[in-house]
Each structure stands twice: as C-alpha cells, then as structure tokens.
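First to last, the sequence lines map onto chains A and B. So for the first sequence, the numbering used here puts the first residue at 1; every next one is plus one. So for the second sequence, the numbering used here puts the first residue at 1001; every next one is plus one. Take a look at the structure set out below.
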Amino acid sequence: MADGNGPGRVTLSGVVLAFLILILILASLYLFIAKPYWFPTLASVHGESIDSLFGVVLIVSGIAFVVVQGLLGFFIARYGQNGSERAAYWHDNPRAEAILLIGTAVILTVLVFMGQRVWASFYFTDAPADALVVQVTGEQFAWNFHYPGPDGAFGRTDNSLITATNTIGLDRNDPPAKDDILVIGQMHMVADRPVKVRLRSKDVIHSFFLPNLRVKQDAVPGMGIEIWFVPNKSGAYEIACAELCGLGHYRMKGALTIDASQADFDNWYKEQLAQQ
Amino acid sequence: MDDAHAAEHHHPQLGFWRKYVFSTDHKIIGIQYLITAMAMAIVGGLLSMLMRYQLAWPTSLSPIMAKIFPVAFSGGIMEPGFYISLVTMHGTIMVFFLFTAVLTGGFGNFLIPLQIGARDMAFPFLNALSYWVFLLSCIVIFSALFVTSGAPMGGWTAYAPLSAVPQAAPGQATGMTLWITAIALFTASGLMGGLNYVTTILTMRTRGMSMMRLPLTQWSLLITAILGLLAFPVLLAAGILLLFDRMGGTSFFLPAGIIMNQMPLAGHAGGHPLLWQHLFWFFGHPEVYIVILPAMGMASDILSTFCRKPIFSYRMMVYSMVAIAALSFVVWGHHMFVSGMSPFLGSVFTLTTLLIAVPSAIKTFNWLGTVWGARIRFTAAGLFALGFVSLFVSGGISGIFLGTSAADIQLQDTYFIVAHFHLVMAIAPLFAAFGGLYFWFPKMFGRFMNETLGKLHFWLSFTGVYAVFFPMHVLGIGGQMRRIYDPTQYMFLVPQQPVNVFISIAAFILGASQLIFLFNFFGSIFGGRRVTEYNPWHATTLEWSVPSPPGHGNFGVELPTVHRWAFDFAVPGEKEDFIPQTVPATVQAKH
C-alpha cells in the first residue's frame, strides 16, 4: 500500500458533528447572553456580590467553553480521513503544555481569591449591631419564625412545651417571651436593615433558601447556625427548602415580605402580637 | 507446574454452566458485568422517564398511569413519596450499579489481562466471586423498589437524620435498610475487584510491558482500583454506623432533641449529622473519579486509534490522572459549602477544588492536541470518543461555578448541580462506555455491531443528551431546587416550566433512541457480521493480536513480548499507519 500523505479531508460526519457543536455554542451564547430565563429578581446587598462573581466566572468559563468546543468542532470538520491520508506524528509540546498549565492555574487562582473575598464578606464578618434577629426553625414541613420583639430578647424554648400551635415550645411564662411572636410560614424584614438569622431544625436537615436574596443555609438538627444579610428591595418573595427532608419537601415553602419601611414592619408585628 | 496451573491446561471440556455462567475466565466475568449493568441501566433509565413525566406535567391527571401504577398514581397523579423514591433509586442504581460496574467491572475485567499480556487475573476465583456478590447487590437494590412500606427516599446521598431515623419518611424503614445492605454488598464486590486489578496490573505485565508502555485504559483502571480500595471502605463503615444508629440505639449521626412526627426521639444524643456527610463525601468524591477515570482512559485510547495519531502527551496524561486521583481525596467538602461546615473549611475546599480543575484541563488540551492534525475515521466508536470530549468540557466547566464557594451558595441543591453531575459523571462516561462497546464488541463476541445503527445511535444520543441536560443549567440559575416533586408550587419557578417540558420530551426521545443500541447489541451477538481478522480497527494494543474472541488463556503457547508504547500511529516512513505493540523496534530502524 502506498505511503499515503494528504491533507485532512472534510467529511460528511465531520461536518455534521462540527455543526452540532456549533449549534451547542450558539444555543449557550443565546441562553447566557439573552437570558430568557435567569436569576430571580435580586433583593439583597450580599446578592450583588454573588451575582457579580457569577458574572466573572461566566465570562471566563464562557470564553474557555467557546474556544475549546469551537476548536474541537473545527478540528473534527477539518481533519477527516477518507482514503489513506496520514496524520501528523507530533505528540508532545512541553512548552505549550507548560504555558497552558500555568495559565489555567493562574486564572483559577485569581477566581479563588475573588471568590474568597465574597465568601469572607458573609462568613468572616459580624452582623451589625442594629440587625433584626430572627430565630428560624425548620421542621417537616414548615418554617417557623420566632421574633424577639422590642425588648430584643428571645424567650426560652423547651421541647417539652411543643404543641400544634406552639411549634417551637416557646415558654410564655419566661419574661422575655412576653413580646415574642411566633409565625409559621411567614417572614417579614425591613429593606436596608440587616437581618441575622439563627437557624435550627427540629428533625432532619432542611435548607433555608431565599432565592431572591441569594441566601442558602442548611438547618441541621443539633446545630444553631447564624447567617446575616441585608435585604434591599421591598416586595413579596418566596422561601423554599433546598435539602431533601421527606415527603413534604416540595411544599415546604414560606412567604417572605420585605417591608419598605420600619413602620410597615412594625404594623405587621403588632398584628402578629395581637394574635399570639 | 503447580496443580492449579496443570488443571487449567488439562481440564476436560467444561459444561455450559462452568463455561458461561460460573466461569472464572475474566472475559466471561467482564461480559457478565456488562450485561448486568445494562439491565440496571434499563431500570434506572425507566425510573428517570417517570421522574421527567412528573416534572413536566406535575398536576395533570392520567388515567393510564393510574392503571399501570395503581398505588403510585392513585387518583391519576403521582404520589410525592413515589417521586422521591424514584429520585433515590435512579441515582443509586446509576452511580453504583451502572457506571461503576460497567466501566470498572465490565471493561476492567475484560481488558486488563488482555492489554497487559496476561492469561487471566491474579485471582480468578476472587474475580468470579466479585461478580456474584455484585449480582446479589443488584437483586437487593432492585427488591427495595417493591417494599410495601415504601422504597427508600433519602436520595442517593442518604443524609442523616433522614436516613438514620426509620420513621422520618415512609420508605426509610425496610427500604432504607435494603439500600444500606445493597451498598454494603456492592462495596465488598468492589474491594475484591480492586485488589485483583492492582495485583494483576502491577505484577502480571508481560515482558516488555513497562508501566510507561501501558495503554491509558490500563493506567486509568489501575488508578481507579487504588481509589476504590481507599474510598469504598469509608462508605462501608459509614453504612454500618448508619445501621447501628437505625437499629442498635447508637448516636453516630443523631443529636439529642430530635422531634419526629410530633414525638421526641428518645435514646439518642451526642451524634452529628455532618459526620455522615463527611464520611459519605470522603468516599463520594473519589467515587465520581472512579467513574470518570476509566472513561477518560478508554476514550483516550479509542480517540487515538480513530484519529490515527498518537495521543498528545501520553506522559502528562498519566501524570494528570495521578494528580486527579490524589487531589480527589481533598476536595470532598465542596459538596458541603452550605451544610453548616466551618466556613474556613469552605475556603480550603474551594482552593483544592479549583486546583483539581488544572489536571482535568491538561487532559482536555491533550485531547484537542490529539484531534489537531489527525486523520479521523468516523466510526461509531470514534464518534462516541469525540462526543466524550465535548461532553466532558461542558460538564467540567460548570464545575468551576460550583467550586467557587460563594457562587455555590445560590446554585447548591439546584438543577445547576444536576446538570453538572449528569454531564460529567453520567453522560461523558456513558459515551466512553458506548465507544468502548462498539470498539471492543468484535473482540468480545467475534462479530461486529452494525455500524449504521451505531452511527444513528450516536447522532440521536449526542443531540439528545445536550437537549436534556444543557437547559438544566438555566433551570438551576432560575432557582429550581433538586428533588422537588412539583416545581409549580413556587410562583418564581412557574415561568420556567416550559423548560421542564422541553427537557422531558427530549428525555423521552433520548430514552427511546437507546432501544436502537439495545437492538444492535443483542442482535449482533447472534446475527452480527463475523470478524475475520484479529485487528479490524488497525489498533496497536495487545488484545488485537489474538483471535476474536480470544481463546481460554488469551495468548497462544507463548505470552507476547512488547517492544513499544501503544500509540505508534502515523509513524513517518512506515508502510502501515500503525505499528502494534508487539512489533520489534528493529523493524523501524531499517528505514
């Protein structure tokens, strides 16, 4: 057989596969640039930094995606064989590999540091002193909200006092509990006022998810976990559970209201207090 | 010659049962694993079709479904508990009983002795035992589907306390116990296999087969076996601790003060739910590499063969697999960023996770470098290998978002995660497995699969998997949570529902197109075109130097001698565009 040497051939299979990859690239560009479906409306300060971080990662990885998939598609179309053409024999290029390795590591390290600044701003800084503190207790299948009231002190809770209406066992005889309110499934906060959540669970792991605020924290039985954030866009939003917790996981939702002013919040608070 | 060895060569003709069922021949055992894994794939796939039906039309009444599944669809709508059982069983079956089994058990068994030049595994009886324990584990997990109190519903990740307290959900009683039992049996099977593979590859390579002349398939199987030996025991231990919490009154994972179904859970204190997650993911993260590494190894070898070009930078391909395996043990916390784990640990795991992206990127560049300047033969096997590269890139890149802990806050437990792990842990390995099946089928069965049907299978599958899984990124960005029986319960998710419908329809078409493969595979075993040459693909590795299928003992009277690496394609000045590993180096020197 003759020693075949010829350029790569454009073949039907190669072109079709390259075309499918092109569709993939175009579809992904459409989805991530035109954004027909995107993040829920942003309603928190912290959320801005998460969205920005996502945007940076999107650009970096988007470029990598388009370039790599594009090259793959191009090579597939360009380098087919339809007779006895021979491939090139080269199979090493230490310099190119070193450059690519170092380049990738540098880009990823930069992303790590950028991400860490955002992470630190949530977890390694304390909530401001004027934060609204709410104790949130997840259970199968509802979110319970315990507010401390104007005295700023939470009444004690005791498992033995739990009833169908007193779902966290609030001890009404405890003086600080007098102005506390217990609400199931409804949470209010005030725009631009920091909120500190103390998260607990009565039974299994749940996850406190506020999609619009970019807040998510697992509620773990046996743990009390504190997170804080600043809501900044008044409106009505939803609360979801983001960790499989049993049969009713899908309906473990709550209603979040970000009141435009402290006065609006106080009105709601007074209504709830009257019903305790 | 010891007795066992003498017996091997002088035994009388084996009966049907000893030859094809209770065989200790690695080739038969490999095929047994393949077929059993395929059966599990069909079960796991059907479960996902039901899931997609529910997600697309969560509130539609279906009298037909009520007829077929009177309990699960009572009243014409799926029961929420059934949905979560589907999710749990689909994930469990696919990760363990399909992917780990088909790649490590199926291809590992068939290929290792052949590609290293050995007659069989180091421990043939142990090998057979590993298959029968695996089959038993399949039967146990399958039976969990039919438990009257309900199939398990803890997700494949079985987080405590949901998995540790039998009354936490229906199905968490007997169903969950069966789940733990099946997983324990599976890990036992995996450990047996892992011991065999490591011993065989390290000690039974034929003369001339140095480590750096091994095909990448073998490197990947060796590294995977080591990962399995280190990781599976942790899962086994965690499962045993979980059984003790459930039945033995212990509190490894259970703190005091749990109120379940309005009743205090007595008799437990001092345990921590996060301990389960640490143990599970310490195993779970290496596990995903146990799935992807053999896929990478096989895809690399198949890609090189059909590009008619050496794999780009073989050395770096080996080193990067070793780096991935080593790093895989220090990234597990990226599954736990919002779990309540210390945020400081979250920072550490972000660093290690983005580090592990580096060797994966190297491998991707090397696949590109292989295709650049190639002369590609677009066989079904070659197409699947090319598809693997595209899918791995897509799945890998979404990992960058998730590894960045702060971005993961919003994306954790959403469909962005589902998209990521399906592409990178399920679909890419699936394509590598399909490529492997089309490639090695002639060697296994002495017949070809039908190439036209194979290509049709590829085109439909490649389009289908992207149609199903790419839009899921968008669902996750929009906030759709995982394991949610009815997304339309949430106002903020309702506008995205058309995407769910699109995905489900694509999934049904994708599922149906797999029937083409099944028809081709089983039909070709009996009626495929017979293979008349040892090496129909003009490949270089040792299995292509023997008949199709190889005889008992694999190689004739003398074991082969290896003279070169596995990638001598398109060597300049050579008559053929490939040189098998057994061809002495002097042949080249003449030119």
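For glycine and all other residues, C-beta sits at the position ideal for the given N, C-alpha and C. Values in this document were obtained by computation on a predicted structure and should not be read as measured data.
Name the chain A residues whose beta carbon is nearer than 8 angstroms to that of residue i?
| i | result |
| --- | --- |
| Leu-1050/B | In chain order: nothing, as chain A lies at least about 16 angstroms away. |
| Leu-1536/B | The sequence shown places Pro at residue 1536/B, not Leu. What Pro-1536/B touches in chain A: nothing, since even the nearest Cβ is about 16 angstroms away. |
| Met-1121/B | Ordered by position in chain A, no residue passes the 8 angstroms Cβ test against Met-1121/B, which lies about 31 angstroms from the chain. |
| Pro-1161/B | Asp-203, Val-204, Ile-205, Pro-221 |
At the level of alpha carbons, what is the spacing between residue i and residue j?
| i | j | result |
| --- | --- | --- |
| Lys-1575/B | Tyr-30/A | 49 angstroms |
| Ala-240/A | Val-1501/B | 22 angstroms |
| Ala-77/A | Ser-1390/B | 14 angstroms |
| Phe-1125/B | Glu-1451/B | 36 angstroms |
| Phe-1016/B | Gly-1551/B | 16 angstroms |
| Ala-1539/B | Thr-1305/B | 6 angstroms |
| Met-1132/B | Ile-1141/B | The sequence as given places Trp at residue 1132/B; Met does not occur at that position. Using only the alpha carbons, I get a separation of about 14 angstroms. |
| Ala-1188/B | Leu-1086/B | 25 angstroms |
| Ala-120/A | Pro-194/A | 17 angstroms |
| His-1591/B | Ala-1585/B | Low per-residue confidence applies at His-1591/B: pLDDT is 32, beneath 50, and the placement is therefore not dependable enough to give any value. |
| Leu-1191/B | Val-1043/B | 25 angstroms |
| Leu-1230/B | Phe-1123/B | 20 angstroms |
| Leu-1293/B | Met-1317/B | 11 angstroms |
| Ile-63/A | Ile-25/A | 11 angstroms |
| Val-45/A | Leu-213/A | 8 angstroms |
| Ser-1524/B | Ala-1381/B | 15 angstroms |
| Trp-1372/B | Leu-20/A | 19 angstroms |
| Ala-255/A | Leu-1061/B | 28 angstroms |
| Leu-244/A | Val-1424/B | 23 angstroms |
| Trp-1057/B | Met-1078/B | 10 angstroms |
| Ala-260/A | Pro-211/A | 19 angstroms |
| Leu-1178/B | Ala-1144/B | 6 angstroms |
| Arg-1246/B | Pro-1273/B | 13 angstroms |
| Pro-1343/B | Phe-122/A | 9 angstroms |
| His-1005/B | Asp-1568/B | Low per-residue confidence applies at His-1005/B: pLDDT is 46, beneath 50, and the placement is therefore not dependable, though the value from the model is reported in the following sentence. Distance between the alpha carbons of His-1005/B and Asp-1568/B: 35 angstroms. |
I'd like the span of the alpha helix (DSSP H) that includes residue i, first residue to last.
| i | result |
| --- | --- |
| Gln-1218/B | 1216-1247 |
| Asn-1196/B | 1174-1203 |
| Asn-166/A | Element bounds for Asn-166/A: n/a, residue is neither H nor E. |
| Tyr-1321/B | The identity of residue 1321/B in the sequence shown is Met, whereas the question assumes Tyr. First-last of the alpha helix (DSSP H) with Met-1321/B: 1314-1327. |
| Ile-1400/B | 1380-1403 |
| Glu-271/A | 262-275 |
| Lys-196/A | That residue, Lys-196/A, is in no alpha helix (DSSP H); its beta strand (DSSP E) goes 195-201. |
Assuming residue i and residue j are in contact, meaning their beta carbons sit under 8 angstroms apart, how far apart are those beta carbons, in whole angstroms?
| i | j | result |
| --- | --- | --- |
| Gln-1277/B | Ile-1116/B | At roughly 38 angstroms, the Cβ-Cβ gap does not stay under 8 angstroms, so Gln-1277/B and Ile-1116/B are not in contact. |
| Leu-1254/B | Pro-1161/B | 6 angstroms |
| Pro-1572/B | Tyr-89/A | 6 angstroms |
| Trp-1156/B | Gly-1091/B | 3 angstroms |
| Phe-949/B | Phe-1186/B | Lying outside 1001 to 1591, the shown extent of chain B, residue 949/B is not represented and no answer is given. |
| Arg-1375/B | Arg-86/A | 6 angstroms |
| Leu-1195/B | Leu-111/A | Rounded, the Cβ-Cβ distance is 40 angstroms, inconsistent with contact. |
| Val-977/B | Gly-1476/B | Given that chain B is displayed from residue 1001 to residue 1591, the structure contains no residue 977/B and the question cannot be resolved. |
Along chain B, which residues have their Cβ under 9 angstroms away from the Cβ of residue i?
| i | result |
| --- | --- |
| Phe-65/A | Val-1393, Ser-1394, Ile-1397 |
| Gly-8/A | Gly-1373, Ala-1374, Arg-1375, Ile-1376 |
| Arg-24/A | It should be pointed out that residue 24/A corresponds to Leu in this sequence rather than to Arg. Per Cβ cutoff of 9 angstroms: Ser-1390, Ser-1394, Tyr-1466, Phe-1470. |
Who are the neighbours of residue i on chain A, taking C-beta pairs under 9 angstroms?
| i | result |
| --- | --- |
| Val-1358/B | Leu-101, Thr-104, Ala-105, Leu-108 |
| Phe-1492/B | Pro-40, Thr-41, Pro-211, Asn-212, Tyr-237, Glu-238, Ala-240 |
| Ala-1168/B | Gln-140, Asp-203, Val-204, Cys-245, Gly-246 |
Ends of the beta strand (DSSP E) at residue i?
| i | result |
| --- | --- |
| Asp-259/A | 254-259 |
| Gly-235/A | 235-241 |
| Ser-207/A | 206-210 |
| Met-1296/B | Counting along the chain, Met-1296/B falls outside any beta strand (DSSP E), though it belongs to the alpha helix (DSSP H) covering 1273-1307. |
| Leu-182/A | 181-184 |
| Gln-217/A | 215-219 |
Anything in chain A within Cβ reach of residue i, meaning under 7 angstroms, just list it in chain order.
| i | result |
| --- | --- |
| Arg-1483/B | Leu-244, His-249 |
| Met-1316/B | Glu-97 |
| Cys-1307/B | Ala-87 |
Using a C-beta to C-beta distance shorter than 8 angstroms, which residues of chain B count as neighbours of residue i?
| i | result |
| --- | --- |
| Trp-119/A | Pro-1343, Gly-1346, Ser-1347, Thr-1350, Ser-1405, Ala-1406 |
| Gly-115/A | Thr-1350, Thr-1404, Ser-1405, Ala-1406, Ala-1407 |
Which residues in chain B have a C-beta closer than 7 angstroms to the C-beta of residue i? List them in chain order.
| i | result |
| --- | --- |
| Leu-20/A | Phe-1462, Thr-1463 |
| Asn-159/A | Gly-1257, Ile-1259, Pro-1264 |
| Val-230/A | Within 7 angstroms Cβ-Cβ: nothing; Val-230/A doesn't reach chain B, min ~15 angstroms. |
Notebook entry, point to check: Considering only residues of the segment 1037-1111 of chain B, which uninterrupted alpha helix (DSSP H) runs meet the minimum length of 4 residues and lie entirely inside it, listed in chain order?
Noted result: Secondary structure within the segment 1037-1111 of chain B: the alpha helix (DSSP H) runs of 4 or more consecutive residues, fully enclosed, are 1063-1068, 1080-1092 (chain order).
Check: In chain order, which continuous runs of the beta strand (DSSP E) of length 3 or greater are located wholly inside the segment 1420-1459 of chain B?
Finding: Runs of the beta strand (DSSP E) spanning 3 or more residues and lying entirely within the segment 1420-1459 of chain B do not occur at all.
Item checked: 3-residue-minimum beta strand (DSSP E) runs that sit fully inside the segment 78-159 of chain A, ordered along the chain -> The segment 78-159 of chain A contains these whole beta strand (DSSP E) runs: 132-139, 142-147.
Notebook entry, point to check: Of all the beta strand (DSSP E) runs that stay within the bounds of the segment 1111-1151 of chain B, which reach a length of 3 or more residues?
Noted result: Qualifying beta strand (DSSP E) stretches: none in this window.
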